[in-house]
Amino acid sequence: MKWLALETATECCSVAVAVGDAVFSRSALADHRHSDLLLPMVDAVLAEAGIRADALDAIACGVGPGGFTAVRMGVSTAQALAEAFDVPVYAVSSLQALAAASPEPGVLAAFDARKGEVYAGVYLRDDGGWPALQGVERVCPPADLHWPPALPEGVTWRGMGSGWKLYAQSWQGARLHSVDAQCFPQAREVLSLAHRRRLQGDGGLAPWELEPHYIRPSQAEQGGR
1 MKWLALETAT ECCSVAVAVG DAVFSRSALA DHRHSDLLLP MVDAVLAEAG IRADALDAIA
61 CGVGPGGFTA VRMGVSTAQA LAEAFDVPVY AVSSLQALAA ASPEPGVLAA FDARKGEVYA
121 GVYLRDDGGW PALQGVERVC PPADLHWPPA LPEGVTWRGM GSGWKLYAQS WQGARLHSVD
181 AQCFPQAREV LSLAHRRRLQ GDGGLAPWEL EPHYIRPSQA EQGGR
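For the sequence shown, UniProt numbering gives the first residue as 1, with consecutive numbering after it.
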């Protein structure tokens, strides 16, 4: 099976292509240039994988939360490609994709959401080794984050994402084994999570059904209220 995966929710722009068990990927710090980088990266990774876009069987996309413009860029590109080549598209949480890269079984993933807030989610690996959301993903000031009740004892936890770098003083009470504030969600993990769902019988979405997962309303939406 041939997959294309996109992840643009944060400062990092990432693309991956899978052909059978072989995975090819590229990522780069976008510095607000996602629109300039994304399609050339798609072309480059497809060429490295030795396939054309019309040979794809499915597309996976990190849908946020994250920067509004960056998330929208990835989602609109995934929609356009899925419609052009008549393939299903899979929506993957960008926080879950970040958690999937952790060596620890428990993850508190946090992205900077600006305005003194973070996007955050608590994940714990399930019996299959995949990150399962505990509670809900949310946007809030770092000091307002709380661990979901009834988490198992003896689990090692890792903090991941830019929220830890910017708001480290607010996390001093967190029960963490380690912190990686320099990491970003990658298309490789977006691909892996989507592929797992397909193996479980998830047929994916039609292109027009794919939506950004902003959590917080955009400034335009807030201004219309």
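For glycine and all other residues, C-beta sits at the position ideal for the given N, C-alpha and C.
Quick caveat, the model's predicted, so the values are computed rather than measured.
Asked: Cutoff 7 Å; reference residue 154; Cβ partners in own chain excluding five residues on either side; Found: none
Asked: Sequence-distant residues of its chain with Cβ nearer than 6 Å to residue 166 (five each side left out); Found: 112
Asked: Closest by C-alpha distance to residue 105, when choosing among 115, 152 and 68; Found: 152
Asked: C-alpha gap between residue 35 and residue 150, whole angstroms; Found: 42 Å
Asked: N-terminal and C-terminal residue of the beta strand (DSSP E) that residue 7 is part of; Found: 2 to 7
Asked: Residue 19, enclosing beta strand (DSSP E) - first and last residue; Found: 12 to 19
Asked: Buried or exposed by the 16-neighbour rule on C-beta atoms within 10 Å, applied to residue 169; Found: exposed
Asked: Contact under 7 Å by Cβ, residue 99 with residue 107; Found: yes
Asked: Cβ contact (3+ pairs, closer than 8 Å) linking the segment 204 to 216 and the segment 49 to 66; Found: yes
Asked: Within 7 Å, strictly: CB atoms of residue 187 and residue 7; Found: yes
Asked: Residue 25 versus residue 184 - alpha carbon distance; Found: 14 Å
Asked: Rounded separation between residue 27 and residue 73 - CA only; Found: 15 Å
Asked: Residues bridged to residue 160 (per DSSP); Found: 109 and 180
Asked: Close beta carbons around residue 228, own chain, < 6 Å, minus the five adjacent residues each side; Found: Coverage of the chain is limited to positions 1 through 225, which leaves residue 228 absent and any answer about it impossible.
Asked: Complete runs of the beta strand (DSSP E) confined to the segment 48 to 118 [at least 3 residues]; Found: 58 to 62, 89 to 92 and 106 to 114
Asked: Opening and closing residue of the beta strand (DSSP E) in which residue 137 lies; Found: 131 to 140
Asked: For residue 212, three-class secondary structure by DSSP; Found: coil
Asked: Inter-residue Cα distance where the pair is residue 89 and residue 198; Found: 11 Å
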